[in-house]
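To convert, count from 1 in the sequence shown and add 410; that's our numbering. Backbone N, C-alpha and C define an ideal beta-carbon position, used for all residues, glycine too. Computed from a predicted structure; not experimentally measured.
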Amino acid sequence: MKKTVSLLLVISVFISLIFTSGLFAAFKGDVNGDGEVNNKDVVTMFRYVSGSEKLDDESAYDFNGDGSVDNKDVVALFRFVSSGAEPEELEPEPEPTPDGYFEFTLLDDGTYEIAAKDINNLPKDIVIPRKHGGKAVTSIGAGAFRDCSGLTSVTIPDSVTSIGYEAFYGCSSLTSVTIPDGVTSIGYQAFYECTGLTNVTIPDSVTSIGDNAFSYCGLTSVTIPDSVTSIGEYAFSYCSSLTSVTIPDSVTSIGYAAFSDCSGLKDITYKGTKIQWDSISKGDYWNSWTGNYTVHCTDGNIVK
Ligand code: CA
Ligand code: CA
């Protein structure tokens, strides 16, 4: 009898683990979470799209990836199921850091802005939750994690579109940050003095990099995506470890002192021609105290 009870306990714990870890929702299109992608998912999706049922997380239902959930997704999923193709395995989402560590502020558009509740009581690796109380977290507030010197990594979900000014200012232990596709602006001094930050990937949804955004960072190389048109004042200044930068031809202005005091800068890879490079509006001191570097344009080099 005792044996049976403990066996049942083990089984129920195992089943709940499977459910909580979301193992069954590891395939794109498996909206009912049963581990298979078939007509049942088409029906589930159709019910949500046509009915009044609310979704906790609509992202799983955006099958065609156009940012909204509607009949087109039902059709796309139906076609996919009919084709008999193998479903795409999804990367498991990291477990979000519990809400108790954060403060949430409801914004005018009905979404939440997030900040640390107490910078002295925060795990060293944080995963920003995608939702709070069923509403999306879209913004990391001004000064949200300022001076969290113990913070070593932060994972930002793709619900976030804005990283506020001084959001991670002075997070000197921060070595890893994932900025998701969807973020359009990186605010003023957002990563100022993140001296441990050696690498950052800026997604191609970002159109502006704010003033002082990465000043005094430990960055060794930076690739600026094609979506960026302006690089703010002092944006990468005092990044003395920075040796190479890639600048797309979408950039029309480089702000005052943007790369000043990047004393290790050796190579700028520019994705346009020499004439285009010369036509970029460059603020005073944008390249002061950099030492010598070469700008590699598509039709030749310019040496400082
Ligand atoms: Ca399914
Ligand atoms: Ca869609």
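DSSP places ILE550 inside the beta strand (DSSP E), whose first and last residues are 545-550. In this structure, the CA atom of VAL459 is about 30 angstroms from the CA atom of ASP614. One Cα belongs to GLY597, the other to VAL564, and the distance between them is close to 17 angstroms. Comparing alpha carbon positions, the residue from ASP472, PHE488, ASN474 closest to VAL453 is PHE488.
The closest heavy atom of ligand 2 lies 7 angstroms or more from the beta carbon of SER460. Straight-line measurement puts the Cα of THR507 at about 6 angstroms from the Cα of ILE536. Counting only residues of its own chain and dropping the five nearest sequence neighbours on each side, VAL484 has a CB closer than 6 angstroms to the CB of MET455, PHE456, VAL459. The beta carbon of GLU603 sits closer than 6 angstroms to the beta carbons of GLY580, TYR626 from its chain, once the five residues preceding and following it are set aside; these are given in chain order. The alpha carbon of CYS672 has as its nearest neighbour, out of ILE685, THR679, VAL655, ASP688, the alpha carbon of VAL655.
For ASP444, the three-state secondary structure derived from DSSP is coil. In this structure, VAL661 lies near ILE641, with their beta-carbon atoms less than 8 angstroms apart. Counting along the chain, no beta strand (DSSP E) covers SER670, and no H or E run does either. A check of alpha carbon separations from LEU500 across GLY620, ASP528, GLU446 identifies GLU446 as the nearest.
About 16 angstroms separates the CB atoms of HIS542 and ASP518; that is not less than 8 angstroms, and the two are not in contact. For ALA486, the secondary structure class from DSSP, reduced to helix, strand or coil, is helix.
Checking the DSSP bridge columns, you'll see ASP535 partnered with SER563. Taking a contact as a CB-CB distance under 8 angstroms, the pair LEU561 and SER583 counts as one, their CB atoms being some 6 angstroms apart.
For ASN711, no alpha helix (DSSP H) run applies; the uninterrupted beta strand (DSSP E) run containing it begins and ends at 710-713, by DSSP.
Distance from the Cα of GLU496 is smallest, within the candidate group PRO533, PHE437, TYR471, GLU523, for PHE437. Taking C-beta atoms under 8 angstroms as the contact rule, GLY628 and THR605 qualify, at a distance of about 5 angstroms. The beta carbons of ALA525 and ALA546 sit about 16 angstroms from each other, so the pair does not count as a contact at 8 angstroms. As summarised for the stretch 655-699, the continuous beta strand (DSSP E) elements at least 3 residues long and confined to that stretch are 677-680, given in chain order. Counted as a single uninterrupted DSSP element, the stretch harbouring PHE646 is not any alpha helix (DSSP H), since DSSP gives it neither H nor E. ILE566 sits buried, since 16 or more C-beta atoms from the chains shown fall within 10 Å of its C-beta.
Distances taken from the Cβ of LYS438 to the heavy atoms of ligand 2 include none shorter than 7 angstroms.
Secondary-structure assignment with DSSP links PHE578 through no beta bridge to anything.
If you check the C-beta of LYS676 against ligand 2, you find no heavy atom less than 7 angstroms away. The DSSP-derived three-state label of PHE555 is coil. In this model, TYR666 and ASP636 are separated by some 21 angstroms (Cα to Cα).
GLU523 has THR515, SER549 as its beta-bridge partners, per DSSP. In the structure shown, GLU499 adopts extended strand secondary structure according to DSSP, grouped into three states.
Counting along the chain, the unbroken alpha helix (DSSP H) around VAL453 starts and ends at 449-460.
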